[in-house]
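So the structure is just underneath, and the comments pick up after that.
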Amino acid sequence: MLTIRKEQMAVLSAYSREGFILKTLQKLPKVFPEDPKAKEEAAMRPIIEAGIARAAAYGIGRERETSLFIFLVKDLGPDFEKHPSRRWMLGLLQDPEMDEQEKMNLIYKRLEIAAGPS
C-alpha cells in the first residue's frame, strides 16, 4: 500500500497551487483584455492568492469555481460580496445547501441577467 506523508502532501499541494496560479495568470489577460495590469504577474498574483483563500472560506476549491471567484474579485474588487448592492452574492456563497458549482453558476447567471442583452 502506498503511504503519503504529510510533508509529501504539503509539497504536492504547493506544487498544485503554484500550477493553478500560473494557469490563472495566463487566463486573466484573456478575460480582462482591456486591463493592462491583467498581464502583470506582480499585480495579479496577490489578487489570485487572496482569491484562493477567500474562495476556500466559502467551500469553493475546485479549479473552475475558484477561477470564477477570482475573476469576480478582479472585476468587482475585494470583498465584492459584502457591498450593499451585492449582498445577495454573500447569501449564495454562504448557503450550506448549495455545492460550489451551483453557487458560482447562479452568481454568474444573475449577473448576466442584470447586464441585459449585449
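Numbering follows our numbering, in which position 6 of the sequence shown is assigned residue number 571; successive positions increment by one, without gaps.
Note that the Cβ used here is the ideal one computed from N, Cα and C, for glycine as well.
Boundaries (first-last residue) of the alpha helix (DSSP H) holding residue i
{"i": "PRO535", "result": "Because the chain spans 566 through 683 in this model, residue 535 falls outside it and cannot be assessed."}
{"i": "GLU630", "result": "628-641"}
{"i": "GLN659", "result": "Neither: GLN659 is in no alpha helix (DSSP H) and is coded neither H nor E."}
{"i": "ILE672", "result": "665-680"}
Residue i versus residue j: straight-line alpha-carbon distance, rounded
{"i": "ASP640", "j": "ALA620", "result": "15 Å"}
{"i": "MET609", "j": "ALA579", "result": "18 Å"}
{"i": "ALA603", "j": "LYS647", "result": "24 Å"}
{"i": "GLU606", "j": "ARG582", "result": "15 Å"}
{"i": "GLU653", "j": "GLN659", "result": "The displayed chain sequence assigns Trp, not Glu, to residue 653. Answer to the nearest angstrom: the Cα atoms are 10 Å apart."}
{"i": "LEU587", "j": "VAL596", "result": "15 Å"}
{"i": "ALA618", "j": "VAL638", "result": "12 Å"}
{"i": "GLN591", "j": "LEU633", "result": "14 Å"}
{"i": "PHE645", "j": "LEU655", "result": "9 Å"}
{"i": "TYR623", "j": "PRO649", "result": "19 Å"}
Whole-Å CB distance - residue i paired with residue j, under 8 Å assumed
{"i": "ILE612", "j": "ILE635", "result": "7 Å"}
{"i": "LYS674", "j": "LEU657", "result": "11 Å between Cβ atoms; not a contact."}
{"i": "GLU599", "j": "GLU630", "result": "At roughly 24 Å, the Cβ-Cβ gap does not stay under 8 Å, so GLU599 and GLU630 are not in contact."}
{"i": "GLU536", "j": "PHE585", "result": "The chain is shown from 566 up to 683; residue 536 falls before or after that span and cannot be answered."}
Minimum Cβ-Cβ distance from residue i to chain C less than 8 Å
{"i": "VAL596", "result": "Among the chains in the structure shown there is no chain C, since it carries only a single protein chain."}
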